[in-house]
Amino acid sequence: MIIETTNLGKHYGKVQVVRDLSLQVPEGAAFALVGTNGAGKTSTMRMLLNIIQPDTGTAIVLGRDSRSLQPQDFQQIGYVSESQVLPERLTIAQYFDYLRALYPNWDAGLEKSLRKNLDLPPDRALSKLSHGMRMKTVLAAGLAFRPKLLVLDEPLSGMDTLTRDEVVEGLLEQANETTILISSHELAEIEFFTSHIAFMDKGRLHFQESIESLHARFREVHVTLSAQKQLPEHCPESWLFPEISGHALRFIESSFTDREKLVAQLNALFGAVQLLVEPMSLRNISNALIRRTRSTGKEPS
């Protein structure tokens with residue numbers, strides 16, 4: 008594992024922002040950390056990079072305790088944050104000149120390609136850049152030294168559609184060469200290159216798994232009943248938000264395996280049925296998990 012945390016925790020005063028977080032990020036993964044604002048994603052990333060220190064637990068990054076990361080470790084770690092502080096007096100060209108000397112593995116050819124593809128004007132002062140242009144600049148800088156680990160904290164936040172597409176394209180080009188840990192609300196954009204996902208809410212990690220596994224087990228189910236029925240007192244636990252209106256039953260199946268098993272389950276409860284089973288997007292799955300956590304207090308399964 009390129010990142011492994013055990014019972015990681017952080018509090019500010021009486022507010023516990025990260026609770027008993029045990030996370031495993033495989034080397035080579037494009038790993039998405041998702042959840043609502045205040046879920047603890049940013050605090051987690053900052054602990055991994057020793058920007059802040061945990062109050063409990065441990066974080067191992069690149070084989071070393073995060074609190075003991077050395078300069079040579081940071082030469083293998085790229086970091087991009089929506090609130091990143093830049094040396095405003097420098098131009099884009101001067102900023103890259105400054106960074107180039109800090110990283111032994113800096114790839115000048117890759118830098119040139121990234122700056123061209125992301126349309127970064129060399130003579131533009133960093134203080135004059137729009138939010139989207141600033142994020143493209145720090146992303147190019149974070150990729151140009153070919154880091155072993157790239158940590159991205161809401162890199163797509165506040166961008167227009169064109170800029171967002173350019174940034175995602177830049178990430179896609181490097182996704183096979185580095186381990187990426189990304190937090191983002193733009194789930195539709197990151198879904199296409201993410202290999203793993205972890206869901207956080209109110210500081211707690213509720214699950215982590217591969218995107219392939221997550222997509223395989225979630226389905227939106229629409230059922231036409233042969234007669235009007237009432238919901239049973241106890242629906243299967245894997246059914247999220249079941250509701251009946253007339254002859255129509257609708258729910259989200261969170262443990263889907265195959266259609267025949269689902270049909271048999273429905274027949275046993277309601278008699279003969281017709282059904283439509285549809286896959287779900289990452290955004291819709293995430294919204295369902297947040298809704299369930301907030302309405303029941305139960306961890307998603």
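Take the position in the sequence shown, starting the count at 1, then add 7; the result is the number in this note's numbering.
A virtual CB, placed ideally from N, CA and C, is assigned to each residue, including glycine.
On a predicted model such as this, the values are computed, not experimentally measured, just so you know.
Span separating the alpha-carbon of residue i from that of residue j
i	j	result
residue 51	residue 135	31 Å
residue 9	residue 100	32 Å
residue 15	residue 210	10 Å
residue 309	residue 219	The structure shown has nothing for residue 309, since the chain only spans 8 to 308.
residue 230	residue 222	20 Å
residue 60	residue 272	49 Å
residue 143	residue 57	24 Å
residue 291	residue 185	28 Å
residue 340	residue 197	A query on residue 340 cannot be resolved here, the shown segment of the chain reaching from 8 to 308 and no further.
residue 91	residue 103	15 Å
residue 19	residue 42	20 Å
residue 282	residue 114	54 Å
residue 140	residue 162	11 Å
residue 293	residue 286	13 Å
residue 110	residue 119	16 Å
Proximity of residue i and residue j at Cβ, strictly below 8 Å
i	j	result
residue 251	residue 268	no
residue 133	residue 158	no
residue 97	residue 150	no
residue 160	residue 89	yes
residue 146	residue 87	yes
residue 217	residue 192	no
residue 288	residue 195	yes
residue 47	residue 12	no
residue 212	residue 55	no
Coarse secondary structure for residue i, derived from DSSP in three states
i	result
residue 217	strand
residue 255	strand
residue 23	strand
residue 36	coil
residue 86	strand
residue 212	strand
residue 245	coil
residue 104	helix
residue 287	coil
residue 148	helix
residue 190	strand
residue 274	helix
Whole-number beta carbon distance between residue j and residue i, since they are thought to touch under 8 Å
i	j	result
residue 260	residue 245	6 Å
residue 247	residue 295	6 Å
residue 155	residue 83	4 Å
residue 152	residue 112	5 Å
residue 125	residue 173	6 Å
residue 232	residue 254	5 Å
How about the segment 68-76 and the segment 225-240: do they share at least three Cβ pairs that are nearer than 8 Å? no
Flag this pair as touching only if the segment 257-276 and the segment 204-213 have three or more C-beta atom pairs under 8 Å; answer yes or no. no
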